[in-house]
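Chemist: Mind having a look at this structure? Questions to follow.
Protein chains: 2
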Amino acid sequence: MRIGELAKRAGTSTRTLRYYESRGLLPARRSVNGYRVYGDDDLRLVEQIRTLQDFGFGLEETRPFVECLRAGHPSGDSCPASLEVYRDKLAELDALLDRLREVRAQVSARLAQAEAQAPPEPEPRCQLRG
Amino acid sequence: MRIGELAKRAGTSTRTLRYYESRGLLPARRSVNGYRVYGDDDLRLVEQIRTLQDFGFGLEETRPFVECLRAGHPSGDSCPASLEVYRDKLAELDALLDRLREVRAQVSARLAQAEAQAPPEPEPRCQLRG
DNA sequence: CTAGACCTTGACGCTGACGTCAACGCAACG
DNA sequence: CGTTGCGTTGACGTCAGCGTCAAGGTCTAG
Numbered sequence: 001m002r003i004g005e006l007a008k009r010a011g012t013s014t015r016t017l018r019y020y021e022s023r024g025l026l027p028a029r030r031s032v033n034g035y036r037v038y039g040d041d042d043l044r045l046v047e048q049i050r051t052l053q054d055f056g057f058g059l060e061e062t063r064p065f066v067e068c069l070r071a072g073h074p075s076g077d078s079c080p081a082s083l084e085v086y087r088d089k090l091a092e093l094d095a096l097l098d099r100l101r102e103v104r105a106q107v108s109a110r111l112a113q114a115e116a117q118a119p120p121e122p123e124p125r126c127q128l129r130g
Numbered sequence: 001m002r003i004g005e006l007a008k009r010a011g012t013s014t015r016t017l018r019y020y021e022s023r024g025l026l027p028a029r030r031s032v033n034g035y036r037v038y039g040d041d042d043l044r045l046v047e048q049i050r051t052l053q054d055f056g057f058g059l060e061e062t063r064p065f066v067e068c069l070r071a072g073h074p075s076g077d078s079c080p081a082s083l084e085v086y087r088d089k090l091a092e093l094d095a096l097l098d099r100l101r102e103v104r105a106q107v108s109a110r111l112a113q114a115e116a117q118a119p120p121e122p123e124p125r126c127q128l129r130g
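Line order of the protein sequences matches chains A and B. With the first letter of the first sequence counted as 1, position 40 gets the number 40 in UniProt numbering; the numbers rise by one all the way through. With the first letter of the second sequence counted as 1, position 61 gets the number 61 in UniProt numbering; the numbers rise by one all the way through.
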């Protein structure tokens, strides 16, 4: 399979795949004319990357998963390094969630305060006369 | 007060203040020699911006607050436009929190699954013999 | 033979909020 | 008079993950 087909099958762009290759994820064999050639393994590999990216992982953080897959393991998280990334990301998510909850509370409080100061427009009633 | 002092008092950099000016927040009078000159109002203005930025507001989102302050209101959120931004940001925060909670659950589940597959190192016991 | 669809590399653009450097002016101190 | 420390504008660099364009090579169908 060539890069266009892989991109289509993975639901991404050729530019993205070439970018992954430039980062050392997703190496590709070349056919005689220089075209990149991929196998079905590579599709699974790209899907792994995309899934993690959707979770908010940076590309570098997907590397252990990718290398795990390329090492022949059935899934990208079958290796200790991947589990470490999971755990780090969980801690990061927890910290972020805490921060965002705190911010939400602050913003909410300030909104309430400001609304109390100068009350909102009193809900137009749509009466004919009044 | 000149830009260096304002920066120090606001806990930021001169570059940041010039950037705010370039974005139309924080206009400055000029002294004879071309130096920017600020008053205490401007300090409050910068503090307002920084507070909102710490909450994750983009610079553009701070504009209503800044204009509200410059219009003479006692606080930046005394104006309807600011309240609108608060409300939008709350909705945005709620959506983001939902997404992050979902991601957290997914990552947590995958971690548990992978740990069950290939259990972690069995907690070294520090025995002399065993 | 040629049009069109695919592929190649290389390079610049984008977003946000600045950091950092260059090259210069101005002011005060000794 | 020179140095030091402020100020000025302008312009390029940073981070991530690509998008987009340019200029060209390759392969296939008509």
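All C-beta atoms, glycine included, are put in the ideal place defined by N, C-alpha and C. Fair warning: this is a prediction, and the values are worked out from it, not measured in the lab.
Using the beta-carbon of each residue, which ones in chain B are nearer than 8 Å to L97(A)?
Modeler: Indexing the first sequence from 1 puts residue 97(A) at position 97. Near L97(A) (Cβ distances below 8 Å), the residues of chain B are L97, L100, R101, R104.
Chemist: With which residues is V46(B) paired in a DSSP beta bridge?
Modeler: To locate residue 46(B), count along the second sequence from 1; it is residue 46. BP columns for V46(B) are empty, so no partner.
Chemist: Using 8 Å as the threshold, is the C-beta distance between L59(B) and R15(B) below it?
Modeler: Here residue 59(B) is taken as the residue at index 59 of the second sequence, counted from 1. Here residue 15(B) is taken as the residue at index 15 of the second sequence, counted from 1. For L59(B) and R15(B), no; Cβs fall outside 8 Å.
Chemist: Using beta carbons (cut-off 8 Å, strictly below), is R18(A) in contact with chain B?
Modeler: The count along the first sequence starts at 1 and reaches residue 18(A) at position 18. No, because no Cβ of chain B sits closer than 8 Å to the Cβ of R18(A).
Chemist: Give a yes or no on whether the minimum CB-CB distance between Y110(B) and chain A is below 8 Å.
Modeler: As a first step, residue 110(B) must be located in the second sequence, where it is residue number 110. According to the sequence shown, residue 110(B) is Arg rather than Tyr. Cβ-Cβ to chain A under 8 Å: yes for R110(B).
Chemist: Per the DSSP calculation, V37(B) is bridged to which residue(s)?
Modeler: On the second sequence, residue 37(B) is found 37 positions in, with the first residue counted as 1. R29(B).
Chemist: Determine the closest residue to E92(A) out of F55(A), A114(A), Y38(A), with distance taken between C-alpha atoms.
Modeler: On the first sequence, position 92 is the one that residue 92(A) refers to. Minimum Cα distance to E92(A) is reached at F55(A).
Chemist: Which residues bound the alpha helix (DSSP H) around S78(A)?
Modeler: By one-based count along the first sequence, residue 78(A) stands at place 78. Here S78(A) belongs to no alpha helix (DSSP H), and DSSP marks it neither H nor E.
Chemist: Going by DSSP in three states, G24(B) sits in which element: helix, strand or coil?
Modeler: Counted from its first residue, the second sequence places residue 24(B) at position 24. If DSSP states are grouped into helix, strand and coil, G24(B) belongs with coil.
Chemist: Assess contact between the stretch 1-12 of chain A and the stretch 32-50 of chain A, defined as three or more Cβ pairs (one per stretch) separated by less than 8 Å. Is contact present?
Modeler: Touching, yes, given that three or more Cβ pairs across the two stretches are closer than 8 Å.
Chemist: Report the CB separation of Y19(B) from A28(B) in whole angstroms; it is logged as a contact under 8 Å.
Modeler: On the second sequence, residue 19(B) is found 19 positions in, with the first residue counted as 1. On the second sequence, residue 28(B) is found 28 positions in, with the first residue counted as 1. In fact, because the Cβ distance is near 13 Å, the residues do not count as touching under 8 Å.
Chemist: Out of G72(B), L52(B), I3(B), R87(B), which has the shortest C-alpha to C-alpha gap to R30(B)?
Modeler: Taking the first residue of the second sequence as position 1, residue 30(B) is located at position 30. Of the listed residues, the one whose Cα sits closest to R30(B) is I3(B).
Chemist: Determine the chain A residues that contact V107(B) at a beta-carbon separation under 8 Å, and present them in chain order.
Modeler: In the second sequence, residue 107(B) corresponds to position 107, counting from 1. Within 8 Å Cβ-Cβ: F55, Y86, K89, L90, L93.
Chemist: C28(B) versus chain A: which residues are under 7 Å apart at the beta carbon?
Modeler: Indexing the second sequence from 1 puts residue 28(B) at position 28. According to the sequence shown, residue 28(B) is Ala rather than Cys. Chain A residues near A28(B): none, gap ~27 Å exceeds 7 Å.
Chemist: Do the stretch 69-79 of chain B and the stretch 103-118 of chain A meet, that is, are 3 or more Cβ pairs less than 8 Å apart?
Modeler: Enough Cβ pairs lie closer than 8 Å, so yes.
Chemist: Taking the alpha carbon of V107(A) as the point to measure from, which residue in Y35(B), G34(B), Y86(B) has its own alpha carbon closest?
Modeler: In the first sequence, residue 107(A) corresponds to position 107, counting from 1. Comparing Cα positions, the closest option is Y86(B).
Chemist: Skipping 5 residues on each side, what residues in its chain have a beta carbon closer than 7 Å to that of I49(A)?
Modeler: Counting from one through the first sequence, the residue named residue 49(A) turns up at place 49. Result list for I49(A): Y20, L25, T62, V66, in chain order.
Chemist: What would DSSP say about G130(A), mapped onto helix, strand or coil?
Modeler: What you label residue 130(A) is simply residue 130 of the first sequence in a count that begins at 1. Interpretation of G130(A) is limited by its pLDDT of 44, a score under 50 that renders its predicted location unreliable; no figure is taken from the coordinates.
Chemist: Would you tell me roughly how many angstroms separate the C-alpha atoms of L69(A) and A109(A), rounded to the nearest one?
Modeler: Start at 1 with the first residue of the first sequence, and residue 69(A) comes out as number 69. Start at 1 with the first residue of the first sequence, and residue 109(A) comes out as number 109. Distance between the alpha carbons of L69(A) and A109(A): 48 Å.
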